[in-house]
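As given, the protein sequences belong to chains C and B, one line each in that order.
Per the working numbering, the very first residue in the first sequence carries number 2; after that it's consecutive.
Per the working numbering, the very first residue in the second sequence carries number 2; after that it's consecutive.
Since the structure comes first, as C-alpha cells, the remarks are kept for the end.
2 protein chains.
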Amino acid sequence: MKHTSTYTTQMDAARRGILTPELQAVALKEHISEQHLMQLVAEGKVVICANKKHTCLSPEGIGSMLRTKINVNLGISRDCKDYNIEMQKVMSAVRMGAEAIMDLSSHGNTRPFRQKLTAECPVMIGTVPVYDSVIHYQRDLATLTAKDFIDVIRMHAEDGVDFVTVHCGITRKTIEQIRTHNRKMNIVSRGGSLVFAWMSMTGEENPFYEYFDEILDICEEYDVTLSLGDACRPGCLADATDVCQIEELVRLGELTKRAWAHNVQVMIEGPGHMPMNQIAANMEIQKTLCMGAPFYVLGPLVTDIAPGYDHITGAIGGAIAAMNGASFLCYVTPAEHLALPNVEDVKQGIIASKIAAHAADIAKGIPGAKDIDDRMADARRALDWDAQFACALDPETAKQIRNSRRPEDDHSDTCSMCGKFCAVRSINKALAGEYIDIL
Amino acid sequence: MKHTSTYTTQMDAARRGILTPELQAVALKEHISEQHLMQLVAEGKVVICANKKHTCLSPEGIGSMLRTKINVNLGISRDCKDYNIEMQKVMSAVRMGAEAIMDLSSHGNTRPFRQKLTAECPVMIGTVPVYDSVIHYQRDLATLTAKDFIDVIRMHAEDGVDFVTVHCGITRKTIEQIRTHNRKMNIVSRGGSLVFAWMSMTGEENPFYEYFDEILDICEEYDVTLSLGDACRPGCLADATDVCQIEELVRLGELTKRAWAHNVQVMIEGPGHMPMNQIAANMEIQKTLCMGAPFYVLGPLVTDIAPGYDHITGAIGGAIAAMNGASFLCYVTPAEHLALPNVEDVKQGIIASKIAAHAADIAKGIPGAKDIDDRMADARRALDWDAQFACALDPETAKQIRNSRRPEDDHSDTCSMCGKFCAVRSINKALAGEYIDIL
C-alpha cells in the first residue's frame, strides 16, 4: 500500500513516521529493523533512491551501515551509438548484481533509452543532466541558459530517474582558485568541466548553485535523490586532498543542509585518485563536513600509472574507502583513461567493484556478509568443486579455468596447481589416519 | 671487490662494519645511505638475499623501509612439465620487474632447471626444499628421513638458491592443535602439509624444527636467507588470526633469534586469507613478535569467493599489508585455487602485485615512489599519449585498448571514453581563454 498522497520523499515519510513500501523492502533486504532504518533515512544517513515514476524498481538503501552498493556507468556516445550493445551491457550488469546504473548518454536521441531504462530496469537509475543538456538542445554549450539546464533536470525527473548528479559545489570563485592553485590535473570531472567551461564562456555564476532551490523543488516533487558532484575531485595522486577538493566538500556540506531542509535525499560524490594513506582520513572528513550523508566514490585509484588495470587500482581504493565509511562505489573498468569500455570491460569492472564492496562489508562486520565465504571454505575443505563454483562470484570463469587445465591423472578431488601435492588432500588424509601418497 | 674470506653472511658483514658489494648495490638502488642500510641489515630489519654461488645476481634488499618487492612462483610440475614454457614465464617475469622467483618444481629432474635459474637469472631465487625431497629421492614421503630433508636443503644451497622456505614453526603439538581447534581449512600451506603428513605417518618431530641448527650451519656457509614458512597460515577468512596462526608466529619469532645468533638472515612468511580489518594488526604483531624481521606475505586475500580473480583479492590485501609494514609480496594469479597458471595468468598476477607494491610505496612515502605518477599526471594534462604510455606499468596493453577504439572523428588528443566531452580538453581550452565546442 503506497501513501504517495501523504508524503513527498522517502526522507519526508521517514521523518513523519510513515512506513513506505520501499523502506519496508530495504529493511527486509538488509536485515535491519524498520524503526532503525526509518531513523537513518530521516537523518539522511541512508538514502533510498526511488523516483515515484520508476515503478519497476526493486528498491535499495545506500548508507555506510548497509551493504556497500555498486554503480555501473553506461550510455550511448558518439563512438558507441548501438542501443542494443548498451542494453546488453545493462542486462549483464543487472545479472551480475549491480545495484545502480548511471546512464551517461552523450549522443543522439537520449530520451527513449533513458525511458526504457526506468520502464524495464529494476535497479536504481542515475544520470548527469548537464551531459544531456548539450545533446538535448543540440546547441553549443555557450548558448545554453541557466533555465535550459534546470529544465533538463526536470525532464530527467519526469522520466523516472532515481538520482541525478549535479555539480553545484563550484562557483565563480573556483575559476580563480583553479587558475592560481596550479593543480596538476585541474578538473577531471566531465560534468564539472562542462559547468566550468560554461561559466568561463558566459561569465555567469554556476546555474546549479544559483538555482539550487529550484532543483530542490523538482527533487522533492518526484523524490529524486541529489548526488552532489565533486567537480574538483583529484584526477591524480598529486591533487588529492588539496584545498580545491576540500573547499568544494565544505560547500557540498552546506548544500546538503539546504536539501535536507526540503526533505530531499542527498549523496555526496568523492574521489578520485588518492594515495592509500589518505583514504581513511577523507572518509572521516566527508562524514563530519556532510553530517553522515552517504559517500559515493569513484575509485579512489591508488596509483596513476596503471592504465589498462584501473579496475584493480580502483578496487584497492574502493575497498579501503568502503571499509572506512563510503557506501556506494562507482565501478571502474580496465578501459578507464583509454577508451569506451566494451562488454568484457564492463564485466571486469563490475567483478572488481563487487570484490571491493564485499571485502569491505566483511571488514565492516555487515551481518551475514561473511556467510558465503564460510560456505566457500567448507566446500574447499571438502574438495567439493560444484559447491565451490556455487559460492563463486563468477562461477563460469572459475569453472572454465579449472576445466581447461585439469590434473593429468584427473584426480577429481584436486586441481592442476598442486595435483597430489594438494595440501587439503594431504591434511584430510592425515586427519583420517590414512596413508598419504605424494609421488 | 668481494671480501668473501672475511665474513660469512651479509648480516655478519654488516655487524662487523664490512661494506659488501651487494650492500653497496642495494644502497644505490634504494637511495639510502650505506651506513643506514648496514645498520638495518645488522639488525635483521633488511635482508639481502644473495647466495655466494649466485654470481649473476643483481642484489635487492627486502625490508619495510625499502621499496616493496614481489615474488613470482613458477616451476615444473606433473601437469606442466615443459621446461621451455617455464623459462618463458621466468624471462617474462624478470622483464616485468619481479624481484624474485621461487622455483616450486615438483616433478621430474628438478636440479638442472634450478641450476639454470641461478646461472642465468639476475633476480633472487627461492625454493621450498621439502617439495623437492619427494621428487629428488623418488621415494614416497613416509620413507624419507630427517637427514634426507636436510641434505636437500644443502643441495639447494650448493645450487646457489638465495632463500629457502622452511616450515620449522609447527611441531608435534600442532597436530593435536589442528585436530582440536576445528579450523575450517586446517593447513593449506603445501610445504606445511607435507611436514604435517610426514609427522603424522612417522610419529617423529618436525625435522626442520629438530635440526634447525644444522639448517643454520648450511645457511651461514652459503649465505642462504631463511624464509620461515607459516604452515598454519589461514586458508580462509574464518581461520584468520586464530590461535594456530599466532602461536606459530610466536615460534617463528623464537627461531628468528636463534638464526640471528648465527648471523643467518631471516624473513617471516605470513597470511593468507584475511578480512581487511585484521591486516594492519597482523603486520604490527609480526613486527613485535619477530623483532622487525621482513614480512613476506601471500595475499592476504580479502575474500574467499573470488576464484578466477584472486589476483585482485590479493592486490587489495597486499597493498594494505605493504602499507602497514609487509615488505615482500608473493604474487597471486587468476588461476589460484583452480589450476596451474598459464603465461597470461602469470602476467596478470605480476601486474596486480606490482600495482599493490607501488601503491603501498607511495602510501609509505618511499622516496621517489610517486615521481612516475606525477609524470603520468603531467602527460595526461597535456593529452600527450606517448608520454602516458611511457609511464604506464604495461604500455602495450594500454596502447592496445586505446587504439582498438579510437574516437570516431579521431581527435588525436582525446579518447573514445569522452570524445569532445573530454574534461581535460575543455579545461585546457577554458584556461587558455578559448571557445569550447562540445557538440
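Cβ coordinates follow ideal geometry from the N, Cα and C atoms, glycine included.
Beta-carbon proximity list for residue i, same chain, < 6 Å, skipping 5 on both sides
i	result
B:Leu432	none
B:Leu299	Cys331
B:Trp199	Leu142
B:Val47	Leu41, Gly62, Gly64
C:Val135	Leu142
B:Lys54	Gly161
C:Ala281	Asn325
C:Ile219	Ile154, Arg155, Ala158
Where residue i sits in the DSSP three-state scheme
i	result
B:Asp104	strand
B:Ser34	coil
B:Ser194	helix
B:Asn325	coil
B:Glu206	coil
C:Thr257	helix
C:Glu1	Here chain C covers residues 2 to 440 and nothing more, so residue 1 of chain C does not appear.
B:Val48	strand
B:Ser427	helix
B:Ile464	Absent from the structure is residue 464 of chain B, since the part of chain B shown begins at 2 and ends at 440.
C:Lys70	strand
C:Ile126	strand
B:Ile136	helix
B:Gly76	coil
B:Thr289	helix
C:Leu227	strand
C:Cys237	coil
B:Cys81	strand
C:Lys3	Note on C:Lys3: pLDDT 47, under 50, position unreliable in the model; no value is reported.
B:Gly62	strand
C:Pro113	helix
B:Ser417	coil
C:Met92	helix
C:Ala265	Before going on, a small fix: residue 265 of chain C reads as Val here, not Ala. Coil.
With 16 other Cβ atoms within 10 Å as the buried cut-off, status of residue i
i	result
C:Glu285	exposed
B:Arg115	buried
B:Thr56	exposed
B:Met92	exposed
C:Glu221	buried
B:Ser405	exposed
C:Ala391	exposed
B:Ala387	Residue 387 of chain B is actually Asp in this sequence, not Ala. Classification for B:Asp387: exposed.
B:Asn52	buried
C:Thr175	buried
C:Ser106	buried
B:Glu87	buried
C:Lys258	exposed
B:Glu397	exposed
B:Pro368	exposed
C:Glu337	buried
C:Ser201	buried
B:His274	buried
B:Ala96	This sequence places Arg at residue 96 of chain B; Ala is not what is there. It counts as exposed.
Rounded Cβ spacing between residue i and residue j (contact assumed at less than 8 Å)
i	j	result
B:Ile154	B:Pro130	5 Å
B:Ala232	B:Gly193	3 Å
C:Met277	C:Gly318	7 Å
B:Val344	B:Lys90	6 Å
C:His108	C:Lys70	That pair is no contact at about 28 Å.
B:Ile363	C:Leu238	7 Å
Neighbourhood of residue i by C-beta distance below 7 Å, restricted to the same chain and skipping five residues each side
i	result
B:Cys169	Asn207, Phe209, Tyr210, Phe213, Leu229, Leu256
C:Lys3	Summary for C:Lys3: the model assigns pLDDT 47, below 50, so the residue's position carries little reliability; its value from the coordinates is reported in the next sentence. Pro22, listed in sequence order.
C:Ser417	Arg406, Arg407, Pro408
C:Ile437	Ser427, Lys430, Ala431
Cβ shell of residue i (< 8 Å), same chain only, five flanking positions each side left out
i	result
B:Pro335	Gly309, Tyr310, Asp311, His312, Pro342, Asp346, Gln349, Gly350
Segments of 3+ residues assigned as beta strand (DSSP E) that fall wholly inside the segment 293-368 of chain B: 296-299, 329-331
Residue ranges of each beta strand (DSSP E) within the segment 145-192 of chain B, 3 or longer: 164-167
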